[in-house]
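Residue 29 is where the sequence shown starts when you use this note's numbering, and the numbers rise one by one after that.
By construction, the Cβ of each residue, glycine as well, lies at the ideal position given by its N, Cα and C atoms.
None of these values were measured; they are calculated from a predicted model.
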Amino acid sequence: MDQKVITIRQARRVDAESIAAVHDAAWRGAYRGLIPGCELERMIARRGPRWWDAAIARGSRLLVLDFGDAIGGYASYGRNRVSSLPHRGELFELYLAPHFQGLGFGRKLFEAVRADLVENGYPSLLVWALADNQPALGFYERLGGKRVRCAPEQFGRESRERIAFGFE
Ligand SMILES: CC(C)(COP(=O)(O)OP(=O)(O)OC[C@H]1O[C@@H](n2cnc3c(N)ncnc32)[C@H](O)[C@@H]1OP(=O)(O)O)[C@@H](O)C(=O)NCCC(=O)NCCS
């Protein structure tokens, strides 16, 4: 049987193209019908390989799920950006390519993010998800997140609700 070594590691510049492809596929899968179509296209177009290369080059915290011959997902994280919430860290984005979803890899990436944040002095974390993104809400609740804040987010002329989950 083909034994694959699956690793979670910090992104390297050579990953930029693969991460952009995961971002494109995951965002279309998650947000088509939730975010206005032209806004979604604009957001995806902005996040091409050059954007990811620049993010990696400036040292952003970015983990990838590496299957050896493919990148299956990524997670970006850092300091919490909402000063009125006490959580120290924030998971900015966690996305898996559609065919890697539902297999336990989201939990693994989340745990790796948590471990790195804890190690760097950020014991609690926050993550935002769109209120209409039911699979994401179910996932963060299953992982033990508590709803701590609700806030609108603007997409062009339209507004969508988003929910913050706190992990103590
Ligand atoms: C959301 C996402 C990161 C979850 O990753 P995943 O690999 O599909 O989830 P996992 O298989 O690791 O699931 C982890 C646990 O959550 C549970 N879970 C997953 N989705 C769930 C849901 N919709 N409702 C309830 N529980 C759910 C699983 O059953 C599993 O439970 P267990 O570990 O106790 O058995 C992934 O599906 C994804 O990238 N989705 C599209 C993009 C997205 O919405 N990202 C989040 C943006 S905020």
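Take the Cβ of residue i as the centre, count every other Cβ of all protein chains shown within 10 Å, and call the residue buried at 16 or more, exposed below.
{"i": "Asp97", "result": "exposed"}
{"i": "Arg89", "result": "buried"}
{"i": "Ala164", "result": "buried"}
{"i": "Leu131", "result": "exposed"}
{"i": "Ala39", "result": "buried"}
{"i": "Gly172", "result": "exposed"}
Excluding five sequence neighbours on each side, which residues of the same chain lie with their C-beta closer than 7 angstroms to the C-beta of residue i?
{"i": "Glu186", "result": "Pro64"}
{"i": "Asn161", "result": "Ala58, Leu62"}
{"i": "Gly134", "result": "Leu122, Leu124, Phe167"}
{"i": "Asn108", "result": "His115, Arg116, Gly117, Glu118, Leu154"}
Excluding sequence positions up to five away, which residues of its chain have a Cβ less than 6 angstroms from the Cβ of residue i?
{"i": "Tyr150", "result": "Arg116, Gly117"}
{"i": "Ile34", "result": "Phe95"}
{"i": "Trp55", "result": "Ile72"}
{"i": "Glu181", "result": "Arg188, Arg190"}
Determine the contact status of residue i and residue j, defining contact as a CB-CB distance below 7 angstroms.
{"i": "Ile99", "j": "Val50", "result": "yes"}
{"i": "Leu153", "j": "Leu145", "result": "yes"}
{"i": "Trp80", "j": "Ala103", "result": "no"}
{"i": "Tyr105", "j": "Phe120", "result": "yes"}
{"i": "Ala53", "j": "Pro126", "result": "yes"}
{"i": "Leu93", "j": "Ile36", "result": "yes"}
{"i": "Ala159", "j": "Glu189", "result": "yes"}
{"i": "Arg177", "j": "Ala192", "result": "yes"}
{"i": "Glu69", "j": "Phe183", "result": "no"}
Which first and last residues belong to the alpha helix (DSSP H) in which residue i is found?
{"i": "Val146", "result": "133-147"}
{"i": "Ser46", "result": "44-59"}
{"i": "Gly172", "result": "Careful: Gly172 lies outside any alpha helix (DSSP H) and carries neither H nor E."}
{"i": "Ile72", "result": "65-74"}
Less than 8 angstroms between C-beta atoms, sequence neighbours within five positions excluded: which residues of the same chain meet that for residue i?
{"i": "Arg78", "result": "Ala44"}
{"i": "Ala143", "result": "none"}
{"i": "Gln31", "result": "none"}
{"i": "Gly101", "result": "Val50, Ala54, Val92, Leu93, Leu122, Tyr123, Leu124, Ala125, Phe128, Phe133, Gly134, Leu137"}
{"i": "Leu113", "result": "Leu154, Val176, Arg177, Ala192, Gly194"}
{"i": "Arg86", "result": "none"}
So residue i is in the beta strand (DSSP E); what residue range does that whole segment cover?
{"i": "Ala85", "result": "Where Ala85 is concerned, there is no enclosing beta strand (DSSP E), although the alpha helix (DSSP H) it sits in stretches over 77-85."}
{"i": "Asp94", "result": "89-94"}
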